[in-house]
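As structure tokens, the structure follows; a few thoughts come after it.
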Ligand SMILES: Nc1ncnc2c1ncn2[C@@H]1O[C@H](COP(=O)(O)OP(=O)(O)OP(=O)(O)O)[C@@H](O)[C@H]1O
Ligand SMILES: [Mg+2]
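Residue numbers (our numbering), protein chains in the order written: chain A, 1220 to 1636; chain B, 1068 to 1325.
See the structure below:
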């Protein structure tokens, strides 16, 4: 059994996390009398996870370099306010209401603003040598305060229609046909990636997985993609919305009702896209290699000629960019910008990364693990809401789970040493 | 005599109040092995770390092939063809041998992504020369033995066509067979015209491999000698007592009663 698992070359920690996630899902489903594992609940779960998952990708790299970023929630709040004011007040005056370019300008502004804040904090950390804990603790207070100052605490609403799609909801889902198309492209990409990796290894005469293992990995990966899309497509639009859609397109409504699937939500696609891009960045680029080398031994990285300061500053800049993207997602989902948006998010983001196997000692962590960690956290929270657990109790459970998960990971790591 | 490959003149550096290196001058010619000797804490590692760009000197001058060199970072040193095997090895423990060998100089594919297969293949070739028994290419170097880690550090220094090689106790953790292999490697690199600074506490190794020895004591240079002109006992006297024998050129650190 272990030999077969090894032949698959799957990270055992990832398998463990998937197992934990499955246990949580099944547990909540049983406790809630089958209300958890419904397409509707899973779809909402995916949308609620998106913003934390996006930020967790950046937090992995930060923690890998032996740093921390406590400011992400506050940066999200501040950038969210900027984006809200920009599209609800400034752009309508300049371009007119619901101008097609509004959402693009808003998203670009969020990315630039978030990135600039991140680079600035990163410069203080990398070049002035101020500990990241202090810089970002200061940042937490500064940006949270700045979020209030943007409108003197007023909530800004509503958001631009096209921008709102970033938050999910009925308009923010891409529909079943497009979702299937994405599933097909995804499966093709998985197969191609596996094939090229195999060819490359063969060319250099390195060992490759046995054919059965390769096929199993391909089947499991593609199965996961198809399964996720099938679930999203099985969550149907409310009958009245479906009827309105049918009328608008001049379609007849069949007997027994009209079933139009939501398909994947836009924020989920954004999160998956970010996750893939960040995985490539972390595993397949020089920048990612330097990030991990710095985490393993900062002095060695410097002596090897790596520009450790610039790399560190870029890591924080990247974190800022991801905060900007997350700010768009959460502002769009709320359809409003409030100065309290993202409060406590820094803790959830750090927890997601750590539950996902990122070591606070540095040098160790994966993007996929962190995104799974975000999903685990959100599953716990949604599940408890479903069961009617009150908010203080939810916090207690999440806190306990965090400590427990890290303990399990520590024990596991001691075991493989 | 030809222009030296490297000249370090009157180099000084202090940490806090301690003068770790104090007015030391050494030089190195192409195809030459110069051994740096001295007791623990004499300042050998600190001196060569100035040459490798790890520390900026407080005073003094470095010339490479006769021209003043500005070495402010390890990257600068590498552009002069200076490669270093550090006493601490300076390996990133959490990545594999190939990642360490190529750290800072990765091979990339057409699309600019890391070409791990190519790097591993190259690493296997260099390691075959250094340590033919080395097999653990997939593991993070944390999982390797001290000697295996040292082999990785050596592989990193010799892979990139060094012109000037600094070896700070390169065989400290190696077994007899591997030590012999490194000795042969030193002679081969020397034949190729590479200049080598070798730091070692093994006086027999030094006499086998080096052309000249420079001895440091308490941060100062006791003297420099050709190995033919001095005996092992005289060199030990330089290291322990700071006494400069007649066959050596005395430095500022030579004891007065010599
Ligand atoms: N980064 C540093 N900060 C403070 N003091 C230092 C530093 N590096 C070296 N020193 C001091 O400088 C002196 C010389 O140290 P160095 O490492 O150069 O000795 P060494 O000759 O290489 O000794 P060994 O044979 O033990 O390797 C020592 O007294 C040491 O404590
Ligand atoms: Mg030393």
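Even glycine gets a Cβ: it sits at the ideal position worked out from N, Cα and C.
- If you check the CB distance, residue 1598 (chain A) and residue 1271 (chain A) do not come in under 9 Å.
- Inclusion of residue 1266 (chain B) in the 8 Å shell around ligand 2 follows from its C-beta lying nearer than that to a non-hydrogen atom of the ligand.
- Just so you know, the alpha carbons of residue 1480 (chain A) and residue 1223 (chain B) end up roughly 56 Å apart.
- Only those residues of the region 1282–1293 of chain A whose C-beta falls short of 7 Å from the nearest C-beta of chain B would be listed, and there are none.
- Residues of the region 1510–1536 of chain A with a C-beta atom less than 7 Å from some C-beta of chain B are 1511, 1512, 1514, 1515, 1516, 1518, 1519, 1520, 1521, 1522, 1523, 1524, 1525, listed in chain order.
- Within 8 Å of the C-beta of residue 1206 (chain B) there is not a single heavy atom belonging to ligand 1.
- Residue contact check for residue 1503 (chain A) against chain B: a CB pair falls below 9 Å.
- Beta-bridge analysis with DSSP links residue 1235 (chain B) to B:1266.
- Taking 4 residues as the shortest admissible run, the region 1379–1413 of chain A contains the following complete alpha helix (DSSP H) segments, listed from N- to C-terminal end: 1380–1383.
- Here DSSP, grouped into helix, strand and coil, assigns residue 1133 (chain B) to coil.
- Within the region 1447–1489 of chain A, the complete alpha helix (DSSP H) runs of at least 4 residues fall at 1458–1467.
- For residue 1583 (chain A), the neighbours in chain B by C-beta distance under 7 Å run, in chain order, 1161.
- The beta carbon of residue 1523 (chain A) lies closer than 8 Å to those of 1512 in the same chain, with the five residues before and after it left out.
- Within 8 Å of the C-beta of residue 1088 (chain B) there is at least one heavy atom belonging to ligand 1.
- Comparing C-alpha distances from residue 1264 (chain B) to each of B:1247, B:1180, B:1152, B:1318 shows the shortest one belongs to B:1152.
- Among the residues of the region 1178–1196 of chain B, those with a Cβ less than 8 Å away from any Cβ of chain A are 1179, 1180, 1181, 1184, 1185, 1187, 1188, in the order of the chain.
- For residue 1423 (chain A), the neighbours in chain B by C-beta distance under 8 Å run, in chain order, 1184, 1185, 1187, 1188.
- If the five residues before and after residue 1111 (chain B) are omitted, its C-beta is found closer than 8 Å to the C-beta atoms of 1103, 1104, 1105, 1235, 1266, 1283, all from its own chain and listed in chain order.
- Close partners of residue 1121 (chain B) in chain A (Cβ separation under 9 Å): 1518, 1521, 1522.
- Taking C-alpha positions only, residue 1187 (chain B) is separated from residue 1628 (chain A) by approximately 30 Å.
- Taking the C-beta atoms as reference points, residue 1286 (chain B) is found no nearer than 9 Å to residue 1262 (chain B).
- Taking 9 Å as the threshold, the shortest C-beta distance from residue 1499 (chain A) to chain B falls below it.
- In this structure, residue 1125 (chain B) sits away from residue 1092 (chain B), with a CB-CB distance that is not shorter than 9 Å.
- DSSP places residue 1190 (chain B) in the uninterrupted alpha helix (DSSP H) bounded by 1183–1197.
- Close to residue 1171 (chain B), with beta-carbon spacing below 7 Å, are these residues of chain A in chain order: 1523, 1524, 1525.
- Shown here, residue 1317 (chain B) sits in a strand according to DSSP, grouped into three states.
- Here the region 1456–1467 of chain A makes no contact with the region 1495–1515 of chain A; the two share fewer than three CB pairs at distances below 8 Å.
- Residues whose Cβ lies closer than 6 Å to any heavy atom of ligand 1, listed in chain order: B:1082, B:1085, B:1087, B:1105, B:1107, B:1108, B:1109, B:1110, B:1111, B:1112, B:1113, B:1154.
- Counting the other Cβ atoms within 10 Å of the Cβ of residue 1299 (chain B) gives fewer than 16, which makes it exposed.
- Across the region 1408–1421 of chain A, CB contacts with chain B closer than 7 Å involve 1419, 1420, in sequence order along the chain.
- Membership of residue 1086 (chain B) in the beta strand (DSSP E) is indicated by the continuous run 1085–1095.
- The count of Cβ pairs closer than 8 Å, one atom from the region 1535–1542 of chain A and one from the region 1212–1228 of chain B, stays below three, leaving the stretches out of contact.
- Residue environment analysis places residue 1612 (chain A) among the exposed positions, since fewer than 16 neighbouring C-beta atoms fall within 10 angstroms of its C-beta.
- DSSP places residue 1530 (chain A) within a helical segment (H, G or I) once states are collapsed to three.
- At a cut-off of 9 Å, the C-beta of residue 1575 (chain A) has no neighbouring C-beta in chain B.
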